[in-house]
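*Asks:*
In my numbering, the protein residues as written are 21 to 310.
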């Protein structure tokens, strides 16, 4: 096999390796219930893309392994989605905001003659920052003469969380069938439920950190091992510089990628299913309109 053919063969094999790692990278994206109103497309930031390209160039210059260079680039590109700590913090703050909102509703119902729409309006004025925009849209709907039940269903879609679904379902029932004193008890119980969920999330996050630490250690061990072999025992890894060696290099890359994917799945927090899904909200809105 000529040198040009070897290079072409290595490029083809590296492309297959990159496709394999790319499939694993797609599986590393955060998973959870579909968000209709707040869903955003996941894109690679220019800085991240530049860092990934730099990683490809550095690894290619140092090792001359095309498959390893592409794998390093993919790793850098998906690094921000590889760990859940940032997303878990956002979710925890959102649950805390829902709990604070329910506690405000409870306090407004305590010893007052406010009905549910008035209490919701007062609570939206001092809304927690993480759900301020959602409660603001709810108030705008009510002020534009949207029926309270449809406005509450819209709020459930905006908050998009099982705990808020329970709260809003209780409000819909209480608004039609219960008195103000019962609403206070409902808010008291739901606020306690939200705080319990927040405590459970804290425990889950502490376990997740252990898995994320294992993932980081695996990556560090891999980098150190390759650097050691290149420096201290170059003859051992010299075979990977050939076209056939690039084929065999796909095997350890696939093993490490699979291990990272498995640890990523173990560290993933799966949110419970919503109680008021988008289809039910749409059907209810259509029924009210008709």
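Just so you know, even glycine gets a beta-carbon here, dropped at the ideal spot from N, CA and C.
(1) For residue 154, which option in 124, 126, 275 and 114 has the closest C-alpha, if you only look at C-alpha atoms?
(2) Between the C-alpha atoms of residue 165 and residue 186, what's the straight-line distance to the nearest angstrom?
(3) Kindly give me the distance between the Cβ atoms of residue 159 and residue 139, rounded to whole angstroms, as I take these residues to be in contact under 8 Å.
(4) Apart from the five residues on each side of it in sequence, which residues of its chain come closer than 8 Å, Cβ to Cβ, to residue 157?
(5) Could you tell me the alpha carbon to alpha carbon distance between residue 79 and residue 108, rounded to whole angstroms?
(6) For residue 219, count neighbouring Cβ atoms within 10 angstroms of its own Cβ and tell me buried if that reaches 16, exposed if not.
(7) Whole alpha helix (DSSP H) runs in the stretch 68-108 with 4 or more residues, listed along the chain?
(8) Are there 16 or more other CB atoms within 10 angstroms of the CB of residue 256, so buried, or fewer, so exposed?
(9) Measuring straight from C-alpha to C-alpha, what distance separates residue 284 and residue 137?
(10) Please report how far the alpha carbon of residue 66 lies from the alpha carbon of residue 180, in whole angstroms.
(11) Under a Cβ-count criterion, where at least 16 other Cβ atoms within 10 Å of its own Cβ denotes burial, should residue 282 be classed as buried or exposed?
(12) Give every residue of the same chain whose Cβ lies closer than 6 Å to the Cβ of residue 19, excluding the five residues on either side of it in the sequence, and list them in chain order.
(13) Suppose contacts are defined by Cβ-Cβ distances below 8 Å. Is residue 211 in contact with residue 123 by that definition?
(14) Step through the CB atoms of chain B and report whether any lies within less than 8 Å of the CB of residue 191.
*Replies:* A quick look at the data gives this:
(1) Of the residues 124, 126, 275 and 114, the one whose Cα lies closest to the Cα of residue 154 is 114.
(2) Within the model, the alpha-carbon separation for residue 165 versus residue 186 is close to 24 Å.
(3) Between residue 139 and residue 159 the Cβ distance is about 12 Å, and since that is not below 8 Å, they are no contact.
(4) The residues are 174, 175 and 178.
(5) Between residue 79 and residue 108, the C-alpha separation is close to 32 Å.
(6) Around the beta carbon of residue 219, fewer than 16 other beta carbons sit within 10 angstroms, so the residue counts as exposed.
(7) DSSP runs (the alpha helix (DSSP H)) wholly in the stretch 68-108: 86-97 and 99-102.
(8) So residue 256 ends up on the exposed side.
(9) Each residue's alpha carbon lies about 43 Å from the other.
(10) Cα to Cα, residue 66 sits roughly 30 Å from residue 180.
(11) Its Cβ having fewer than 16 others within 10 Å, residue 282 is exposed.
(12) In the structure displayed, the chain extends from 21 to 310; residue 19 sits before or after that span and is not available.
(13) A contact, by the Cβ cut-off of 8 Å.
(14) The chain labelled as chain B is not found in the depicted structure, where only one protein chain is given.
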